[in-house]
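Taking it in order: structure first as structure tokens, then the write-up.
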Amino acid sequence: MKTVFFHLMPYPELPDDFAVEHRSVWVDIDPGLYDPQVGHRAYNEYIDQLEYAATCGFDAVGINEHHSNAYGLMPSPNIIAASLARTCPESVIVVLGDSVALYNPALRVAEEIAMLDSITGGRIVAGFPVGSPMDTIFAYGHNPATLRERYHEGVELITKAWTADEVFSFNGTYNKHRYVNVWPRPVQKPHPPIWIPGGGSVDTWDWCAENDLVYCYLSYFGYKAGLKTMQGFWNRLESLGKPRNPFQGGFAQFIACAETEAEAWELYREPAEYFFNRCLHVYAGFADPPGYKTANTVRAGVEGMVARAAREATARQEAAKAAAGPGKAKPAGGAQQLSFEAMIEKGYIILGNPTQVTEKLHELATTMNVGHLMALAHFGNMSTELVKYNTKLIGEKVLPELAGLFEDEWEDHWWPQGMDATSTAASSGSTVEAGA
Amino acid sequence: MRISYLHGLIGTPTEAPILSALDGAGLDAAVLHLPGFSGTEPDPSTRTIADWTFALSAAIDDAGVTGAPILATSVGAMVALELAAIRPEAFSQIVAVAPLGLWDEADPIADPFAVTLSAQRRLLTTDPTVTAPFFDDPDDLSGDALIEHGVSRYQTRTAAASLVWPIPEFGLAQRIHRVSTPVTILWGADDQLAPPSYLDRFAQSLPNMAGTHIVEEAGHLADWDQPVAVAEATAKALAGR
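Right, dumping it as structure tokens:
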């Protein structure tokens with residue numbers, strides 16, 4: 001199994017009463033809540049944490065893209081990846097990913113990923129999400145009815161641009177180019193591995209299954225709730241007569257590890273509550289615009305992960321207001337919030353000592369059949385000190401126990417190949433010293 | 001009198017009260033549907049305002065009502081005005097109920113899709129129960145038929161969203177001076193989506209205004225809140241009274 005240290009980069013200083021006083025962490029969050037000094041510190045600490053994880057036994061570091069929100073401060077994952085490309089010289093970098101439909105032209109993604117692949121010597125995974133409704137439909141104003149068509153066309157253009165031997169013309173609906181000729185070319189051939197993060201669309205299962213792409217379910221709600229979704233993907237693969245290679249699957253999981261279980265309960269309560277009760281405080285009206293889901297997904301009755309989080313957050317806020325009554329100015333703070341105990345019990349967070357965490361991650365990987373784990377060892381407003389503690393424990397005591405999982409039976413066709421070590425810039429001594 | 005009727009944001013279910021009200025007012029309405037509304041097949045190639053306008057142009061030809069008057073509401077009225085700007089013979093008269101298509105930053109039109117479904121229902125009419133034929137599931141449906149009913153409703157909402165996303169202004173202001181067809185504008189007095197102040201903007205922009213009328217106790221979809229009043233106002237406008 002391969003493990004990716006995945007970071008969401010949330011804004012770490014939302015006020016205590018955020019979920020009571022504010023409608024949504026996404027789209028129309030009050031710009032006055034953003035303090036540039038806090039942002040400056042957060043970015044640098046988060047990059048430190050990613051660099052640290054790269055030295056702790058994780059196979060990769062991972063980042064993603066979101067807009068107009070305090071949930072994740074990465075409107076451009078490629079900027080963070082560019083930083084990591086130089087400071088994590090041994091690590092795979094999983095950009096999960098670039099929201100292709102938001103780039104005009106989509107060729108920009110082909111160029112930037114090719115740059116990253118060149119700088120890293122072929123250590124890049126290219127993730128192509130459709131993007132959340134909040135990001136794509138509301139923050140960027142795309143028509144929900146045409147978003148997926150635009151997305152698929154963009155992915156087609158990017159992969160063709162990476163692989164075509166000649167300059168070509170592309171006459172798409174949204175991308176029209178007389179000359180397509182991406183320089184630089186990616187190091188990896190035919191192109192960097194493509195992973196598709198999904199939130200529960202049945203058509204994404206189909207697409208990944210039919211095109212041999214990795215399906216990554218980036219769930220907030222843990223492996224217990226994610227099993228049904230992953231099973232849907234594996235069923236789709238099986239129906240096509242394709243093998244259930246675990247490395248074609250990915251899953252995100254919050255992890256809270258400490259020397260003892262009691263210590264873990266003490267250490268991780270605050271950041272967990274911060275994440276689930278503030279960072280996921282999304283107004284339900286932003287989570288399910290008509291047209292974002294395909295007719296097949298509506299027909300299947302599958303509720304997307306974001307829609308679920310938003311529905312629950314809005315219901316909690318409305319219940320709190322109702323409980324406060326018309327005569328009271330504010331609802332009782334926290335009374336309606338999701339409890340830490342519930343998060344652990346439902347599996348949203350895997351918590352425990354290294355042995356317990358290992359057992360649960362093993363259970364996750366084998367029951368869901370996923371060979372790529374996006375480990376969220378940072379969440380909410382966790383301090384760097386605690387992130388490093390969590391990361392080190394996972395890296396040193398958990399990952400070695402899981403490293404061989406699936407490896408003897410299956411081949412990971414979706415992992416970066418990298419360059420021959422003797423061919424890299426580092427081997428020729430032309431890296432940091434040359435630029436110093 | 002033979003007219004055509006073009007829906008607003010929630011299409012025209014067969015139970016829509018405006019249909020019987022028009023009949024009662026002596027108007028023989030051909031019900032038009034833009035692609036994806038009310039169970040019609042969505043057309044993925046209908047993406048731009050030009051595509052929607054062509055779709056309406058084809059619809060009136062196919063229904064044999066080219067040159068007849070039209071009653072159109074909300075997004076439907078926007079598309080009807082777009083068509084009238086480029087095809088003057090399309091309609092002999094237009095009765096437009098709260099048309100969209102203009103935009104004033106100081107007085108913005110609300111976003112009908114950045115809300116929950118129940119909130120959207122409250123946004124569109126003063127009495128949310130009147131839109132039950134669209135928002136509620138029929139009691140006599142179950143199983144796959146009920147699922148397909150839900151899919152159809154979703155596709156109507158998808159088509160409607162396409163017509164207002166991200167802002168329901170696609171350049172009508174640059175073309176509206178070409179609308180030579182006589183236009184009567186009706187507006188719900190309690191429209192929470194498009195402020196009634198837009199009535200004045202349309203009245204000032206259209207070169208051949210035939211009249212205006214405020215529909216009392218009605219929201220954005222005035223033809224759902226007050227179908228009889230809208231039908232009678234339409235008949236009156238078309239009779240030149």
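Protein sequence lines, in the order shown, are assigned to chains P and U.
If you use the numbering used here, the first sequence corresponds to residues 1 to 436, in order.
If you use the numbering used here, the second sequence corresponds to residues 1 to 241, in order.
Idealized CB from N, CA, C, for every residue including glycine.
Quick caveat: nothing in here was measured; it's all calculated off a predicted structure.
Query                                                                                                                                                                                         : Result
Do you know offhand how far U/Ala-72's Cα is from U/Ala-84's?                                                                                                                                 : 12 Å
DSSP state of U/Ser-74, grouped into three classes?                                                                                                                                           : coil
Pick out whichever of P/Gly-127, P/Gly-200 and P/Leu-399 has its Cα sitting closest to the Cα of P/Arg-299.                                                                                   : P/Gly-200
Looking at the unbroken beta strand (DSSP E) that takes in P/Val-398, where does it start and where does it end?                                                                              : P/Val-398 -> no beta strand (DSSP E), and no H or E assigned at all.
Leaving aside the five residues before and after P/Tyr-151 along the sequence, list all residues of the same chain whose C-beta is less than 6 Å from its C-beta, in chain order.             : Val-100, Ala-101 and Val-130
Given that a residue counts as buried once 16 or more other Cβ atoms are within 10 Å of its Cβ, and exposed if not, what is P/His-281?                                                        : buried
Classify P/Val-4 as helix, strand or coil using the three-state DSSP reduction.                                                                                                               : strand
Can you pull the chain P residues whose beta carbon is under 7 Å from the beta carbon of U/Phe-54, in chain order?                                                                            : What U/Phe-54 touches in chain P: nothing, since even the nearest Cβ is about 16 Å away.
Using a Cβ-Cβ cutoff of less than 7 Å, which residues in the same chain neighbour P/Tyr-378 once the five nearest sequence positions on both sides are dropped?                               : First, the amino acid is wrong: residue 378 of chain P is His here, not Tyr. The answer, listed in chain order, is His-7, Gln-49 and Val-387.
At 4 residues or longer, what runs of the alpha helix (DSSP H) sit wholly inside the segment 39–124 of chain U?                                                                               : 49–63, 75–86 and 117–124
Provide the residue span of the beta strand (DSSP E) that contains P/Ser-68, from first to last.                                                                                              : Here P/Ser-68 belongs to no beta strand (DSSP E), and DSSP marks it neither H nor E.
With distance defined between alpha-carbon atoms, name the residue in U/Arg-2, U/Gly-11 and U/Pro-44 nearest to U/Leu-124.                                                                    : U/Gly-11
Per DSSP, P/Tyr-217 is paired with what?                                                                                                                                                      : P/Gly-198 and P/Phe-251
Identify every run of the beta strand (DSSP E) within the segment 136–193 of chain U, keeping only runs that are complete inside it and at least 3 residues long; order them along the chain. : 183–188
Just how far apart, CA to CA, sit P/Tyr-217 and P/Pro-354?                                                                                                                                    : 24 Å
Can a CB atom of chain U be found closer than 7 Å to the CB of P/Gly-199?                                                                                                                     : no
Can you check which of these residues, P/Ala-60, P/Pro-190 and P/Trp-205, is closest to P/Pro-197 by C-alpha distance?                                                                        : P/Trp-205
If you draw a straight line from the C-alpha of P/Trp-234 to the C-alpha of P/Val-109, how long is it?                                                                                        : 29 Å
Hey, would you say U/Leu-27 sits closer than 7 Å to U/Ile-49, going by beta carbons?                                                                                                          : no
So, using beta-carbon positions, are U/Ala-237 and U/Glu-216 closer together than 7 Å?                                                                                                        : no
Using CA coordinates, which residue listed in P/Arg-316, P/Asp-59 and P/Ala-114 is at the minimum distance from P/Glu-90?                                                                     : P/Asp-59
Rounded to the nearest angstrom, what separates U/Leu-6 and U/Phe-91 at their Cα positions?                                                                                                   : 12 Å
Based on the DSSP secondary-structure assignment, which residues constitute the bridge partners of P/Trp-26?                                                                                  : P/Asn-69
For U/Gly-39 versus U/Ala-159, is the C-beta distance shorter than 7 Å?                                                                                                                       : no
Excluding the 5 residues preceding and the 5 following U/Ile-18 in the sequence, name in chain order all residues of the same chain whose CB lies nearer than 6 Å to its CB.                  : Asp-223 and Pro-227
Hey, how far is the Cα of P/Gly-334 from the Cα of P/Val-187?                                                                                                                                 : Bear in mind that the predicted position of P/Gly-334 carries a pLDDT of just 43, short of 50, making it too unreliable to give a figure here.
Determine the direct distance from the alpha carbon of P/Ala-287 to that of U/Leu-186, and round the result to whole angstroms.                                                               : 33 Å
Answer with buried or exposed for P/Arg-178, where buried requires no fewer than 16 other C-beta atoms within 10 angstroms of its C-beta.                                                     : exposed
Ignore the nearest five residues each way along the sequence and tell me which others in P/Val-38's own chain have a CB closer than 6 Å to its CB.                                            : Glu-13
Looking only at its own chain, which residues have a Cβ that is under 6 Å from the Cβ of P/Gly-222, when we skip the five neighbours before and after it?                                     : Gly-347 and Tyr-348
Got a sec: which bits of the segment 118–141 of chain P sit with their beta carbon under 7 Å from any beta carbon on chain U, in order along the chain?                                       : Phe-138 and Gly-141
Under 8 Å Cβ-Cβ, which residues of chain P neighbour U/Gly-101?                                                                                                                               : What U/Gly-101 touches in chain P: nothing, since even the nearest Cβ is about 16 Å away.
Is DSSP giving P/His-281 helix, strand or coil here?                                                                                                                                          : coil
Roughly how far, in whole angstroms, is the beta-carbon of U/Leu-9 from the beta-carbon of U/Pro-112, given that I think they are within contact range, below 8 Å?                            : 6 Å
How many whole angstroms separate the CB atoms of P/Trp-414 and P/Pro-193, which I take to be in contact at a CB cut-off of 8 Å?                                                              : 4 Å
So P/Gln-253 and P/Ala-375 are supposed to be a Cβ contact under 8 Å. How far apart are they, rounded?                                                                                        : 6 Å
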